[in-house]
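Student: Chains S and H are the protein sequences, given in the same order. Residue 643 in this note's numbering sits at position 164 of the first sequence, and the numbers go up by one each step. Residue 699 in this note's numbering sits at position 220 of the second sequence, and the numbers go up by one each step. C-beta atoms are modelled at their ideal positions from N, C-alpha and C, and glycine is treated no differently.
Protein chains: 2
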Amino acid sequence: MRKKVVTIQDVAQSAGVSVATVSRVLNNSPRVKERTRVKVQEAIRQLKYQPNLLGRDLRRDRTKRIMILLSSLDYPMLKEVYKGVEESARNYEYSTIICSTSGSKNKEEQLLQLLKNRFVDGVITFGTTLTAQELRQLNRDYPIVQCLEWMGNTGTPYVSVDNEKGARDAVTYLVKLGHRRIAMISRNEGQTALLREQGYGLALQEAGISYDANLIKYGDFSYESGVRLTKELLEENTSRPTAVFCINDTMAVGCANAARNLGYSVPEDLAIVGFDDTMEALMSAPPLTTMRQPKYELGHMAMEILMRKINGKEPETNAVLLPAQLVIRNSTVVKR
Amino acid sequence: MRKKVVTIQDVAQSAGVSVATVSRVLNNSPRVKERTRVKVQEAIRQLKYQPNLLGRDLRRDRTKRIMILLSSLDYPMLKEVYKGVEESARNYEYSTIICSTSGSKNKEEQLLQLLKNRFVDGVITFGTTLTAQELRQLNRDYPIVQCLEWMGNTGTPYVSVDNEKGARDAVTYLVKLGHRRIAMISRNEGQTALLREQGYGLALQEAGISYDANLIKYGDFSYESGVRLTKELLEENTSRPTAVFCINDTMAVGCANAARNLGYSVPEDLAIVGFDDTMEALMSAPPLTTMRQPKYELGHMAMEILMRKINGKEPETNAVLLPAQLVIRNSTVVKR
DNA sequence: TTGAAAGCGCTAACAC
DNA sequence: GTGTTAGCGCTTTCAA
Chain S
480 MRKKVVTIQD VAQSAGVSVA TVSRVLNNSP RVKERTRVKV QEAIRQLKYQ PNLLGRDLRR
540 DRTKRIMILL SSLDYPMLKE VYKGVEESAR NYEYSTIICS TSGSKNKEEQ LLQLLKNRFV
600 DGVITFGTTL TAQELRQLNR DYPIVQCLEW MGNTGTPYVS VDNEKGARDA VTYLVKLGHR
660 RIAMISRNEG QTALLREQGY GLALQEAGIS YDANLIKYGD FSYESGVRLT KELLEENTSR
720 PTAVFCINDT MAVGCANAAR NLGYSVPEDL AIVGFDDTME ALMSAPPLTT MRQPKYELGH
780 MAMEILMRKI NGKEPETNAV LLPAQLVIRN STVVKR
Chain H
480 MRKKVVTIQD VAQSAGVSVA TVSRVLNNSP RVKERTRVKV QEAIRQLKYQ PNLLGRDLRR
540 DRTKRIMILL SSLDYPMLKE VYKGVEESAR NYEYSTIICS TSGSKNKEEQ LLQLLKNRFV
600 DGVITFGTTL TAQELRQLNR DYPIVQCLEW MGNTGTPYVS VDNEKGARDA VTYLVKLGHR
660 RIAMISRNEG QTALLREQGY GLALQEAGIS YDANLIKYGD FSYESGVRLT KELLEENTSR
720 PTAVFCINDT MAVGCANAAR NLGYSVPEDL AIVGFDDTME ALMSAPPLTT MRQPKYELGH
780 MAMEILMRKI NGKEPETNAV LLPAQLVIRN STVVKR
């Protein structure tokens, strides 16, 4: 099945030089006579030679490749974050491969193998099932950077959005519009959700609004949970909320649709603010007010830090938090 | 930076055997005395040895890895198709890496390098910029299967949905609901769009409805184009359409939102049928009637065929077309 | 049942 | 400037 592949030996023979010279030409070494270079390049072209990466990587100390490790491909911001990573990587002549763990711890270990086996020079993780202990260990031995989802106190660098400030800004905005009964659709696991909840709490506190546990619901980031929890919020509460802050756009769309289906209009009866600013927010009816994550920048920055680590320089800072930006659309309006 | 890695040599030394024996244990060779095997395994555990894949792959004829090659990560069906591929791959103890060309021909060549360099055993493509000639050549030398987007007459196997039949069923359904002025939002490039347009034409013909070029608009699969083209359809036509068939859900959501913003209600004033059955269709207001692609099966089948090729067996069939299934939701209703 | 040794394709230290 | 050669970590003959 597989074709006999042209090797560096074949090129050397064809060009009448040694393999070392061919290797020098391939790696743009300056100490090659112009005539020789041309001769070798001619042979390369004629034989359609392409270097075997396995051989090269085995010998070299670097593969010029990094891995993006994620738990699921179902990740609305992936495309843009990836673009940031990819464009930064390209500047260093690095290429990227994407691997999904599908949430399996086993699979994740297998993929981290690729790092330990020098199959890639470094890894950017988007959420991991590693324990703090494991992550600390891994970070000591290999270049690794966390993006978006992160664990602190492990010494592992991370690049994320300022979740607390973002949530606080979102809720403060709702307060400014005149809302006092502000609900939240959150998640009861993960650092991201926790920080956003803290931001929510802070904003309420600053506005002198007392905290009401009935107004907080916990979902799983899915559309369905947004729908279900909004129904609960609107049906359970004797004094129903006039606004909802959702910790992602997916649930916020569910919230908007559920509210309308119950006969409430958005934003007049219920104002909604999401988080992320994905296409979903734009495609929603009405388009959602949301906190925009600097997706491209997050990816770009993660790659920059990873390159520093790969090159053996400790990055100046181990923790980067970029600000989220309020994007006002039609799911919010000044309260009458 | 990088940790000194434990090699097979270290294990051999520690266990007091040769590297050959360690290799045999690693590969479950039967000709190893039980005592020796235990001794080696003990050493492996103690040293936390993990085989270097680069060395192994260089020596072996296979990597037990395949690549999924796509032009963009922004692919609403990716998650489910991938699941199909991944679960099939797992059965063969294969792992998968995903690589995006970002639409760059250059990048694509670079990635196909990984195949030619035995970095992966095979490739599943989701759309490629290769010419028919190049694809034919590649398919002759390496295991490769096309999924969803494909080129015929190259000898390269493909697994896709029956686009013509799917489109025909969608439009026939609209006809049955009583519609005669049925528009289409399509795309003016790519085989997929072409086949769906043919299906549309066939359905009209079967219903004795004459073809009206004004009712066909060409977008680029994006939400924005769905919005824009729907406006055109509703504003330009003196006799406006009562139904629209969109060749993907993304544009169909744009269609629904644009129609409502112009004061038309969906489905009463304008019925809409999408294609794909992604989350977008479910999250739309109203939820969209659409043609469901058998996403998981498409991925699974592609991987099965690829494995056959990797194992040197010519697949029984080079072309698999799975049926799309009509899913009726609230963007269509019997016409009054 | 085990070990010695060749060799996968490449790079780089060293010699000329 | 160029060639010779060792060796990256592994698998797999071949011989013992």
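#1: Please state whether DSSP places R481(S) in a helix, a strand or coil.
#2: Check whether the region 633-641 of chain S and the region 693-700 of chain S touch, using three or more Cβ-Cβ pairs below 8 Å as the test.
#3: Just the chain H side, please: which residues come within less than 7 Å of F598(S) by C-beta, in chain order?
#4: Can you check which of these residues, A750(S), W629(S), L761(S), E714(S), is closest to T729(S) by C-alpha distance?
#5: Measuring straight from C-alpha to C-alpha, what distance separates M630(S) and T757(H)?
#6: Are the C-beta of L761(H) and some C-beta of chain S separated by less than 9 Å?
#7: Checking 9 Å against the spacing of the C-beta atoms, do Y573(H) and D536(H) come in under that value?
#8: Could you please tell me which residues of the region 745-761 of chain S, in chain order, have their CB closer than 9 Å to any CB of chain H?
#9: What is the DSSP secondary structure of E764(H), reduced to helix, strand or coil?
#10: What are the residues in the region 573-594 of chain S lying within 9 Å of chain H by C-beta distance?
#11: For D755(H), count neighbouring C-beta atoms within 10 Å of its own C-beta (all shown protein chains included) and say buried if the count is 16 or more, exposed if not.
#12: Taking C-beta pairs closer than 8 Å, name the residues in chain H that K558(S) reaches, listed in chain order.
#13: What residue range is occupied by the uninterrupted alpha helix (DSSP H) comprising R666(S)?
#14: Can you say whether E795(H) is buried or exposed, counting buried as having 16 or more other CB atoms within 10 angstroms of its CB?
#15: Can you tell me where the alpha helix (DSSP H) with I688(S) in it begins and where it stops?
#16: Between the Cα of F724(S) and those of C578(S), G645(S), I789(S), N632(S), spot the shortest distance and give me the residue it belongs to.
#17: List the DSSP bridge partners of M780(H).
#18: Apply the 10 Å Cβ neighbour rule to N740(H) and answer buried if 16 or more other Cβ atoms are within range, or exposed otherwise.
#19: Determine the direct distance from the alpha carbon of L785(H) to that of E776(H), and round the result to whole angstroms.
#20: Do C578(H) and L549(H) have their CB atoms nearer than 9 Å?
#21: I'd like the list of long-range same chain contacts for D628(S), defined as Cβ closer than 8 Å, with 5 residues on each side in sequence excluded.
#22: Across the region 490-506 of chain H and the region 765-781 of chain S, are there enough close Cβ pairs to call them in contact, namely three or more that are closer than 8 Å?
#23: Exposed or buried, what is A568(H) when buried is set at 16 or more other beta-carbons lying within 10 Å of its beta-carbon?
#24: Exposed or buried, A738(S), counting other C-beta atoms within 10 Å across all chains shown (16 or more means buried)?
#25: Could you give the distance in angstroms between the alpha-carbon of I807(S) and the alpha-carbon of S744(S)?
#26: Can you pull the chain S neighbours of Q612(H), defined as C-beta to C-beta under 9 Å?
#27: Classify S689(S) as buried or exposed, calling it buried when 16 or more other Cβ atoms lie within 10 Å of its own Cβ.
#28: Where does the unbroken alpha helix (DSSP H) through S567(S) begin, and where does it stop?
#29: By Cβ distance, which residues of its chain are closer than 7 Å to E789(S), with the 5 residues on each side in sequence left out?
#30: Can you pull the chain S residues whose beta carbon is under 8 Å from the beta carbon of D536(H), in chain order?
#31: Taking 9 Å as the CB-CB cut-off, is R481(H) touching chain S?
#32: According to a CB-to-CB cut-off of less than 8 Å, which residues of the region 498-530 of chain S neighbour chain H?
#33: Please work out which residues of its chain come closer than 8 Å, Cβ to Cβ, to P802(S), disregarding the five sequence neighbours upstream and downstream, and give them in chain order.
#34: Where M480(S) and R619(H) are concerned, what is the direct C-alpha to C-alpha distance, given to the nearest angstrom?
#35: Using a Cβ-Cβ distance under 9 Å, would K562(H) count as near chain S?
#36: Thinking C-alpha only, which one of V517(S), R660(S), R707(S), V650(S) is nearest Y679(S)?
Tutor: With the structure as the only source:
#1: Note that R481(S) has pLDDT 45, beneath the 50 cutoff, so the model's placement of it is unreliable and the number below is only indicative. R481(S) sits in coil when the DSSP states are folded into three classes, being neither helix nor strand.
#2: Flag = no, the region 633-641 of chain S and the region 693-700 of chain S do not touch.
#3: Ordered by position in chain H, the residues that pass the 7 Å Cβ test against F598(S) are L532, L533.
#4: Per the Cα distances, L761(S).
#5: Straight-line Cα distance between these residues: approximately 32 Å.
#6: Closer than 9 Å: yes.
#7: At least 9 Å separates the beta-carbon of Y573(H) from that of D536(H).
#8: Those residues of the region 745-761 of chain S that come within reach of chain H (Cβ to Cβ, closer than 9 Å) are M758, E759, L761.
#9: According to the sequence provided, residue 764(H) is Ala. The question's Glu does not apply to it. A764(H): coil per DSSP, three-state reduction.
#10: Those residues of the region 573-594 of chain S that come within reach of chain H (Cβ to Cβ, closer than 9 Å) are S574, T575, I576, I577, C578, S579, S581, K586, Q589, L590, Q592, L593.
#11: Classification of D755(H): buried, given that the 10 Å Cβ count is 16 or more.
#12: What K558(S) touches in chain H: S551, L552, D553.
#13: Element bounds for R666(S): not the alpha helix (DSSP H) but the beta strand (DSSP E), 661-666.
#14: E795(H) should be labelled exposed.
#15: Premise fails: I688(S) is in no alpha helix (DSSP H) and is neither H nor E.
#16: Closest option to F724(S), Cα to Cα, is G645(S).
#17: According to DSSP, which records beta bridges pairwise, M780(H) is partnered with nothing at all.
#18: Result: exposed.
#19: So the alpha carbons of these two residues sit roughly 14 Å apart.
#20: The criterion of a C-beta distance shorter than 9 Å is satisfied by C578(H) and L549(H).
#21: According to the sequence as given, residue 628(S) is Glu; it is not Asp. Contacts found: T604, F605, G606, T607, S639, G669, Q670, T671.
#22: Fewer than three beta-carbon pairs drawn from the region 490-506 of chain H and the region 765-781 of chain S are found closer than 8 Å, and the two stretches are therefore not classed as touching.
#23: Around the C-beta of A568(H), 16 or more other C-beta atoms lie within 10 Å, and the residue is accordingly described as buried.
#24: It counts as buried.
#25: Rounded to the nearest angstrom, the two C-alpha atoms are 18 Å apart.
#26: Simply none; closest approach about 15 Å.
#27: By the 10 Å Cβ count, S689(S) comes out exposed.
#28: S567(S): member of the alpha helix (DSSP H) spanning 557-570, first to last residue.
#29: A small fix is needed here, since residue 789(S) is Ile in this sequence, not Glu. Hits under 7 Å: D600, G601, P622.
#30: Neighbours of D536(H) on chain S, chain order: L533.
#31: Reliability fails at R481(H), whose pLDDT of 46 lies under 50, so the model's placement of it is uncertain and the value that follows must be treated cautiously. Using a CB distance cut-off of 9 Å, R481(H) counts as an interface residue toward chain S.
#32: Hits within the stretch, in order: Q529, P530.
#33: For P802(S), where only same-chain residues beyond five positions count, the Cβ hits under 8 Å are V640, D641, K644, G645, P773.
#34: Only weak support exists for where M480(S) lies, its pLDDT of 42 falling under 50; the coordinates are left without a value.
#35: Interface residue, yes.
#36: When only C-alpha atoms are compared, the closest one is V650(S).
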